[in-house]
Amino acid sequence: MPTTDEKQAFADRLKLALRRAPGKPEGPTELARFFNLRYQGEPVSTQTVDKWLKGRTIPKQDKLETLAKALGVDLHWLHYGPSPKVTNTKKKPKATPPPSDDKYPVSPESLEMANKIESLAPHHRYLVQELIAQFYGDVEEE
């Protein structure tokens, strides 16, 4: 049975996937409609979707598969988060931070920010990494 933290982490990943989805269904009513148009089984209620978004429940496997496909995200990522060791077969040049010289000295604010990021829960650190990747253009389009 999933823990409260796992359910909340799923909700965070679902919300992230929704922000990146084509058509961007917003709120439980729109997401329920979006989901039910693609799902072959019994339709889900707005209340059920609201529980997904609030981190109270995680959908069953068949519903997760439909969500992942409809949102264009990896099923494992949506359900569990990033794999511990992700191997990327496509090597893409990574954006590199500016060289550490007099022009870009490490500031106390930068160190404080790095410490705050390090202290986050793993799924929140992942969300920060995703955000930074968006700025650097590291995210692969599906």
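If you count the sequence shown from 1, position 19 lands on 19 in the UniProt record's numbering, and the numbers rise without skipping.
We put the CB at the ideal spot given by N, CA and C, even for glycine.
{"Query": "Assuming Arg33 contacts Ala70 (C-beta within less than 8 Å), just tell me the rounded distance between them.", "Result": "Contact flag wrong, Cβ pair sits at about 12 Å."}
{"Query": "Is it right to say Gly55 is buried, meaning 16 or more other beta carbons lie within 10 angstroms of its own, or is it exposed?", "Result": "buried"}
{"Query": "Tell me whether the segment 111 to 128 and the segment 3 to 13 touch, counting them as touching only if at least three CB pairs, one residue from each stretch, are closer than 8 Å.", "Result": "yes"}
{"Query": "Among Pro22, Ser119, Glu42 and Phe35, which one has its Cα closest to the Cα of Trp52?", "Result": "Phe35"}
{"Query": "Roughly how many angstroms separate the alpha carbons of residue 216 and Lys7, rounded to a whole number?", "Result": "Examination of residue 216 is not possible in this model, given that the chain is present from 1 through 142 alone."}
{"Query": "Measure the beta-carbon distance from Gly41 to Asp62 and round it to whole angstroms, keeping in mind my assumption that it falls under 8 Å.", "Result": "6 Å"}
{"Query": "Output the distance between the C-alpha atoms of Ile132 and Ser45, rounded to the nearest integer angstrom.", "Result": "35 Å"}
{"Query": "In chain order, what residues of the same chain have a beta carbon less than 6 Å from the beta carbon of Thr29, not counting five sequence neighbours either side?", "Result": "Thr46"}
{"Query": "Quick check: the Cα distance between Pro25 and Leu67, rounded to an integer number of angstroms?", "Result": "12 Å"}
{"Query": "Helix, strand or coil: which one does DSSP assign to Glu26?", "Result": "coil"}
{"Query": "Span of the alpha helix (DSSP H) holding Ser110?", "Result": "Pro108 to Glu118"}
{"Query": "Who are the Cβ neighbours of Pro2 in its own chain at under 7 Å, not counting the five residues just before and after it?", "Result": "Ile58"}
{"Query": "Please report the distance separating the alpha-carbon of Pro108 from that of Lys116.", "Result": "12 Å"}
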